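Down below is the structure, laid out as structure tokens.
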């Protein structure tokens, strides 16, 4: 095949992914732009000027930064000691602990919110325990609707980023550099301060910025645990769109959000490149030590205990609370004794009058599964050719451009994507308002960059010689693809599919804006149930969350088993 | 005057015994080499002396005072690492200044000391260089300057030339020896390379799997290896079983290549070491060894030939100029048992 031929076939591979991005990313985003700029009588920039004059964007922006900074600092405070532990020592149960600490990161937001509700909410374990103990009538701990709740949930979510990035880097750092400092007269702290921390700086900065970006764009956690008093940009966009129907202001906020996240992402990539110091990295076989002294054992115990408390207890509280009954169902005459029950799970299938949608909550499971399957198929159909193109041609400008382009949806907040869909896709030429495809399309936008990120290295790992060997044995390009490429990337394909499936199941930000009321997904159903009063609704919300948690956990387990290399990109 | 005493030290990592009852002393101004194959425990020993690890048993004394409760940064020992462990985020100046800053020396003095140190190691203009751009030999010198700058009471060097190529190593080991003796620096030099140890050390502690095999000057160790292990480590591989019997004319040793009279305190089963470097390629010596010439490995200044003597293959070194017969032909070498033979009890 000559060069000309080649670049044409690569262009063809990009056709579908590019068309998809154009229609469902750039077009909606462009619509947000035009909405915030042109609105007529008052002049071209009217909505923007109006928004800037009002106090809303600045207040919201201020709070968004404030909570993100606080959350990041807290996450570092919890994560760095853990990173030290993981990066330095080998101990029994370490890999299990590492796997456990990875769970929260991949949990859907709604599960996290529900988990903290089950632990510290008004009907959660801590409060009912205290009420029993102290004979109180009201919940003594006010956790939900506080800043603390937001911060704790963010720490829960993102600690694993610090643990993995910094811990992994630390584990490869040559311990002799630290020892050299000690031998030159530096005490423990001086060696840490002047030698180890500066060397860890890139890893710490990178993880901190990543955590910051996640905290900055956090939506579900703030909506549910923060309550009406706290609004980040994401939440404000949602309120302005759903409750107040002030689309122009929402659009302006979206642009602000977009500018911030893209700016932060650029900063992140720059920082990583700038700060990297050429280091002779060592195999962990050399660097790991055992816990020998009493002091190190004690410290390790404290760190492990706090990590487990912060990261695992809420999830345990959630599943336990979902099978516990504390008060009789409303309308029931007899007081059934408190205890274990599967009623909340059974009620998911009952179309009670208290139910919010016109169908039992279990419908949400079926809808979510349908959406997730559609998303998986779409994401693979789009991601496969894109990954193939990237792996076949990794040097040209075209590839670099597409590579960067693919990351844009990931750098855009989910609520912004949802808003774009609302603004752009509800009128001709593309009227998808009532289409069942709308939600899967939004999910695909989020999922298919992940698919590409997983498949490209797999394609690249196939040595050209193997394909050439197949060709010399008489296989046509199509046959080579069928009998060589696809079997060899099979595992990665499965990982990518699982990723897409899980992302779709848990997606809340975009879905909350575009889902039709009669077709709720699982997260939407949880949100509705948890915002309603009553033990039954609460229990059902937790039951649904537990189901989602188990599915997401199972998917992660599969991904972990199938993954060939080390931890992938977040 | 003895400064450092290693007093019956033992250390285990899990089930592996890294050091087993190790004891020796280091004198003021002396360069002591810890020599042994990799895995013999020499680096562990350095970590213990430095205070980076804690011994399971035994104690280490400095001037008669136990170091047990003194953390590494207060011991005033210097340690030069294998691969040097230069701080990659600091330039040459900051690397060398680090120990001085930790000792709270004032800046003017630091400047002066760094100039001194850099010219001592022969790199006077390297102050502002990025350490990541240095060659292996330059890194080695900077690491030495950094370790020497705070005037350590004891300098420890852990395979300091291990990662360099052979030519550079041979040159640097001489430089290193010069610098250390000029400063009258007390030092422990860890290496697995006997030639390096011979060049640099006043005394050698030869170790094998966690134990001390022999302590002595390079000459003592080479001429009077204390065990078959030491002999083999020094490439003296002709160790064969023999039997010594007390007879009327004195002690007679019975070997594969014949019997002859020998002076020895031992009787019965023994092992004989026949020095490969003290044989003659003729039959004029007191004891003749006959065999078949099997081949040669050329080593530059000398060549080592293989001689098959009955069941054993022995090695002998001759000057490289020596003309050798055809491979497979008969060959006779002769030795003087007084000098060329050492006897180990079996």
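Residue numbers (our numbering), protein chains in the order written: chain F, 190 to 759; chain L, 206 to 551.
The beta-carbon is built from N, C-alpha and C at its ideal position, and this holds for glycine as well.
Computed from a predicted model, the values in this text were never measured in an experiment.
Around the C-beta of residue i, are 16 or more other C-beta atoms found within 10 angstroms, so that it is buried, or is it exposed?
| i | result |
| --- | --- |
| residue 348(L) | buried |
| residue 535(F) | exposed |
| residue 378(F) | exposed |
| residue 395(L) | buried |
| residue 755(F) | The predicted position of residue 755(F) is uncertain, since its pLDDT is 40 and thus under 50; no value can be drawn from it. |
| residue 361(L) | buried |
| residue 523(F) | In this prediction, residue 523(F) has a pLDDT of 47, which is less than 50 and means its spatial position is unreliable; what the coordinates show is noted afterwards. Flag for residue 523(F) reads exposed. |
| residue 672(F) | exposed |
| residue 339(L) | buried |
| residue 247(L) | buried |
| residue 757(F) | Confidence at residue 757(F) is low in this model, with a pLDDT of 38, below 50, so the placement of that residue is unreliable and no value is reported for it. |
| residue 484(F) | exposed |
| residue 540(L) | buried |
| residue 404(F) | buried |
| residue 536(L) | buried |
| residue 363(L) | buried |
Using only CA atoms, which one of the options lies nearest to residue i?
| i | options | result |
| --- | --- | --- |
| residue 654(F) | 616(F), 674(F), 487(F), 703(F) | 674(F) |
| residue 386(F) | 400(F), 477(F), 269(F) | 269(F) |
| residue 317(F) | 510(F), 449(F), 700(F) | 510(F) |
| residue 640(F) | 539(F), 748(F), 652(F) | 748(F) |
| residue 538(F) | 200(F), 631(F), 725(F) | 725(F) |
| residue 275(L) | 284(L), 264(L), 256(L) | 256(L) |
| residue 512(F) | 203(F), 217(F), 729(F) | 729(F) |
| residue 288(L) | 574(F), 364(F), 619(F), 656(F) | 364(F) |
| residue 259(F) | 225(F), 737(F), 347(F), 458(F) | 347(F) |
| residue 198(F) | 433(F), 356(F), 581(F) | 581(F) |
| residue 546(L) | 319(L), 505(L), 442(L) | 442(L) |
| residue 232(L) | 253(L), 266(L), 219(L) | 266(L) |
| residue 355(F) | 441(F), 265(F), 371(F) | 265(F) |
| residue 494(L) | 463(L), 452(L), 475(L), 418(L) | 463(L) |
| residue 246(F) | 398(F), 330(F), 424(F) | 424(F) |
| residue 566(F) | 606(F), 312(F), 553(F), 689(F) | 689(F) |
| residue 490(L) | 538(L), 500(L), 509(L), 207(L) | 538(L) |
| residue 430(F) | 390(F), 383(F), 607(F) | 607(F) |
For residue i, report the span of its beta strand (DSSP E) as first-last.
| i | result |
| --- | --- |
| residue 413(L) | 408-413 |
| residue 216(F) | Run containing residue 216(F): none in the beta strand (DSSP E); it sits in the alpha helix (DSSP H), 216-226. |
| residue 471(L) | It is not in any beta strand (DSSP E) - residue 471(L) carries neither H nor E in the DSSP assignment. |
| residue 385(F) | Note, residue 385(F): premise wrong, no beta strand (DSSP E); not H, not E. |
| residue 221(L) | 221-232 |
| residue 336(L) | Note, residue 336(L): premise wrong, no beta strand (DSSP E); not H, not E. |
| residue 426(F) | Careful: residue 426(F) lies outside any beta strand (DSSP E), inside the alpha helix (DSSP H) at 422-431. |
| residue 626(F) | Where residue 626(F) is concerned, there is no enclosing beta strand (DSSP E), given that its DSSP letter is neither H nor E. |
According to DSSP, which residues form a beta bridge with residue i?
| i | result |
| --- | --- |
| residue 535(L) | 497(L) |
| residue 267(L) | 209(L), 270(L) |
| residue 405(F) | Answer by DSSP bridge pairing: none, since residue 405(F) is not bridged. |
| residue 285(L) | 362(L) |
| residue 550(L) | 475(L) |
| residue 296(L) | 335(L) |
| residue 238(L) | 394(L), 409(L) |
| residue 417(L) | 412(L) |
Determine the extent of the alpha helix (DSSP H) in which residue i is found, giving its start and end residues.
| i | result |
| --- | --- |
| residue 694(F) | 679-695 |
| residue 274(F) | 245-277 |
| residue 398(L) | Here residue 398(L) belongs to no alpha helix (DSSP H), and DSSP marks it neither H nor E. |
| residue 563(F) | 551-581 |
| residue 176(L) | Given a span of 206 to 551 for chain L in the structure shown, any question on residue 176(L) remains unanswerable. |
| residue 742(F) | 724-751 |
| residue 426(L) | 423-428 |
| residue 655(F) | 653-661 |
| residue 322(L) | 312-325 |
Could you check whether the segment 693-700 of chain F touches the segment 557-567 of chain F, counting it as contact only if at least three pairs of C-beta atoms, one from each stretch, sit closer than 8 Å? With the cut-off at 8 Å, the segment 693-700 of chain F and the segment 557-567 of chain F touch.
Give a yes or no on contact between the segment 299-315 of chain L and the segment 386-403 of chain L, applying the rule of three or more CB pairs nearer than 8 Å. These segments do not touch.
Take every Cβ of the segment 731-741 of chain F, pair it with every Cβ of the segment 702-710 of chain F, and state whether three or more of those distances are shorter than 8 Å. no
Do the segment 433-442 of chain F and the segment 604-615 of chain F make contact, defined as three or more Cβ pairs closer than 8 Å? Yes: the two stretches touch, three or more of their Cβ pairs being nearer than 8 Å.
Given 8 Å, three or more beta-carbon pairs between the segment 515-525 of chain L and the segment 477-490 of chain L: A contact exists between the segment 515-525 of chain L and the segment 477-490 of chain L.
Inter-stretch contact at 8 Å, needing at least 3 Cβ pairs: the segment 278-290 of chain F / the segment 326-346 of chain F: no
If you pair each beta-carbon of the segment 412-426 of chain F with each one of the segment 577-595 of chain F, do three or more pairs fall below 8 Å? no
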